[in-house]
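Colleague:
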Amino acid sequence: MIKSDILIIGAGPVGLFAVFEAGLLKMKCHLIDILPKPGGQCSEIYPKKPIYDIPAYPEILADGLIDKLMDQCSQFQPGFTLGERAMTIDKQDDDSFLVITDKDTKHSARIVVIAGGLGSFEPRKPLIKNVDRFEGFGLEYFIKEPNLFRDKKVVIAGGGDSALDWTIVLSEIASEVTLIHRRSEFRGALDSVDKVQQLKNLNKINIITPAEVVSLNGKVNLESITIKSSDNSETDIQTDYFVPLFGLSPKLGPISNWGLEIEKNAIKVNNSLDYQTNIPGIYAIGDVNTYPGKLKLILCGFHEAALMCQSAFKILNPNKKFLLKYTTVSGVEGFDGSHKKAPKSVIKTIS
Amino acid sequence: MNENDINIVITDREGVIHDVIAPTDMSINLMELIKIHELENDGTIGICGGMNMCASCQCYIESQHNIIPKSNDEEAMLSEALYLQSNSRLACQIPITIDLDNLKIKIAPES
């Protein structure tokens, strides 16, 4: 059982900033995210896009913003459950919530904060008839453990960064890597495209374009795939694994069955007070929430995180009076023993 | 409706046809027009905000209008989209201009 004061679902920019705000009030956070790394959309969809409306940053790359937020909250030692999806929530007798993930990891906290953005990212499934039947039997949407593919034959489909990156990684591990895409142009970082070209020139990988995978074949496990070329001819390719990488699409998922009031695919919260949902102790901040006048901007999520923490503090410490402290005055005391403080001014007589 | 407004006919994912007024003087694109009129749920369209990076705003052009041609980036993004047709475009890459009056589009299925 992983225990924390605040359990945050979603490790995007708003979830990460909430860790910092909570830390200032001595509340410890743990985060759950379905993606294998923190950052949410900023890491997954547009890491190299500049953002221009983060206060005090005239321009910052999305992945750069995440690096800074990770750095800012690191002194408060957040815990992470990554690559897992929060499935169920139950209120316990001691007033805490029990949140269980799809991998059966149990988390307990008095406060649950949903900072889930547009929802948990799920892979876009290719439109192939029997695709569900091979999930876990040779069809993989995520590559969590590259060694699974050691000395195996792998077919990757897709034309973006992840298809290129995994082709490069698996070319060193798998016995045979084939990359299939609808067209000959790939959309990715220039050095990845160049590297894949090199691997092809060295005959370390096969590239088949323009082509599409039209069926998956095998008795129990995947044995081969059928591809259709632009001239409509079909060919079978023997393979142990098929990895379609057609991007991820956010879905609210199991959270929509938690009894929370949902409007327009977002969670309704009380924005005149503290961004709490209709269930006391569960908050929703950032893009996942809605209220009159809501703006889906990272900077609005930061503000919501600060107000949520004040309210959570009152729930966790009903008898303590709260006083707002400025970091310029009190500094920041990390849970890791660090103490940041402004240097004292020198007082000296000038004679 | 003022002189800078045009009409655009949008078929949503449920097949419902909406004849909407679209301003040409607000620097908006077709994806944003769909969002302004709340024709689809948030989180199912324009996920990347219009950066040509997710294809969630794919639509089919159903009238003969002279639309701004696809950039290489749009072409590349579309090549990764599901439910692709020869008249597929990304709505976020089409700015609303006066010559699009009476344009007919259909929003592609959610994927």
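Top to bottom, those sequences are chains A and B. Counting with the numbering used here, you get residues 1 to 351 for the letters of the first sequence. Counting with the numbering used here, you get residues 1001 to 1111 for the letters of the second sequence. Glycine is no exception: its CB is placed at the ideal position from the N, C-alpha and C atoms.
At 3 residues or longer, and completely inside the segment 24 to 73 of chain A: list those beta strand (DSSP E) runs for me, N to C.
Modeller: Qualifying beta strand (DSSP E) stretches, in chain order: 29 to 33.
Colleague: A:P85 versus chain B: which residues are under 9 Å apart at the beta carbon?
Modeller: The sequence shown places Arg at residue 85 of chain A, not Pro. Within 9 Å Cβ-Cβ: nothing; A:R85 doesn't reach chain B, min ~16 Å.
Colleague: Tell me which residues of the segment 1013 to 1043 of chain B have at least one Cβ-Cβ distance to chain E shorter than 9 Å, keeping chain order.
Modeller: In the structure shown, chain E cannot be found, because the protein chains are A and B.
Colleague: Anything in chain A within Cβ reach of B:C1048, meaning under 9 Å, just list it in chain order.
Modeller: The answer, in chain order, is Q41, I45, Y46, K49.
Colleague: Just the C-alpha distance for A:Y141 and A:F242, rounded to the nearest angstrom, thanks.
Modeller: Cα to Cα, A:Y141 sits roughly 9 Å from A:F242.
Colleague: Can you have a look at A:M27 and say buried or exposed, based on whether 16 or more other CB atoms are within 10 angstroms of its CB?
Modeller: A:M27 is buried by the Cβ-count criterion.
Colleague: Measure the beta-carbon distance from A:S230 to A:P244 and round it to whole angstroms, keeping in mind my assumption that it falls under 8 Å.
Modeller: Actually they do not touch by this definition, with Cβ atoms about 19 Å apart.
Colleague: Excluding five sequence neighbours on each side, which residues of the same chain lie with their C-beta closer than 6 Å to the C-beta of A:L82?
Modeller: Same-chain partners within the cutoff: D33, P36.
Colleague: Compare the C-beta of B:N1072 with all C-beta atoms of chain A and state if any pair is closer than 9 Å.
Modeller: Yes, B:N1072 counts as interfacial toward chain A.
Colleague: Beta carbons nearer than 8 Å to chain A: which residues of the segment 1085 to 1098 of chain B have them?
Modeller: Those would be none; no residue qualifies.
Colleague: Give the interface partners of A:G160 over in chain B, defined as CB-CB distance under 7 Å, in chain order.
Modeller: Those within 7 Å of A:G160 in chain B are E1080.
Colleague: Answer with buried or exposed for B:S1056, where buried requires no fewer than 16 other C-beta atoms within 10 angstroms of its C-beta.
Modeller: Buried, by the Cβ-count rule.
Colleague: Excluding the five sequence neighbours on either side, which residues of its own chain have a C-beta within less than 7 Å of the C-beta of A:S184, listed in chain order?
Modeller: Only T209, P210 meet the Cβ criterion.
Colleague: Residues of chain A with CB under 7 Å from B:A1076, in chain order?
Modeller: Residues of chain A passing the Cβ test: G159, E185, R187.
Colleague: If you measure from the beta carbon of B:C1054 to each beta carbon in chain A, is any gap under 9 Å?
Modeller: Output row for B:C1054: interface = yes.
Colleague: In three-state DSSP terms, what is B:C1092?
Modeller: DSSP places B:C1092 in helix when its eight states are reduced to three.
Colleague: Against chain B, with Cβ distances strictly below 9 Å, would A:A115 count as a contact?
Modeller: Chain B, which has no Cβ nearer than 9 Å to the Cβ of A:A115, makes this no.
Colleague: Can you name the start and end residues of the beta strand (DSSP E) that A:V99 belongs to?
Modeller: Run containing A:V99: 97 to 101, per the beta strand (DSSP E) assignment.
Colleague: Pair every Cβ in the segment 307 to 317 of chain A with every Cβ in the segment 268 to 282 of chain A, then say whether three or more of these pairs are closer than 8 Å.
Modeller: Short answer: they touch.
Colleague: What did DSSP end up calling A:I180 once you bin it into helix, strand or coil?
Modeller: Strand at A:I180.
Colleague: Buried or exposed for B:A1091, going by 16 or more other Cβ atoms inside 10 Å?
Modeller: B:A1091 comes out buried.
Colleague: Can a CB atom of chain B be found closer than 9 Å to the CB of A:G119?
Modeller: At least one chain B Cβ lies under 9 Å of A:G119.
Colleague: From the DSSP output, in three-state form, read off B:N1052 for me.
Modeller: The answer is coil: DSSP assigns B:N1052 none of H, G, I, E or B.
Colleague: Tell me the DSSP secondary structure of A:Q276 in three-state form.
Modeller: Of the three classes helix, strand and coil, the one that applies to A:Q276 here is strand, per DSSP.
Colleague: To which residues does DSSP link B:Q1058 through a beta bridge?
Modeller: Partner(s): B:L1090.
Colleague: Compare the beta carbon distance of A:A163 and A:L179 with 9 Å and say whether it is the shorter of the two.
Modeller: Yes, the Cβ-Cβ distance between A:A163 and A:L179 is below 9 Å.
Colleague: I want to verify the contact list: residues of chain B whose CB lies under 7 Å from the CB of A:F246, in sequence order.
Modeller: Neighbours of A:F246 on chain B, chain order: E1080, L1082.
Colleague: For chain B, check one thing: does any of its Cβ atoms lie closer than 9 Å to the Cβ of A:N265?
Modeller: It does: the Cβ of A:N265 has a partner Cβ on chain B nearer than 9 Å.
Colleague: Measure the alpha-carbon distance for A:V269 versus A:K228 and round it to whole angstroms.
Modeller: If I take the Cα positions, the gap works out to 49 Å.
Colleague: Among all the DSSP beta bridges, which residues are the ones paired with A:K340?
Modeller: For A:K340, which the question treats as bridged, DSSP gives the partners A:V332.
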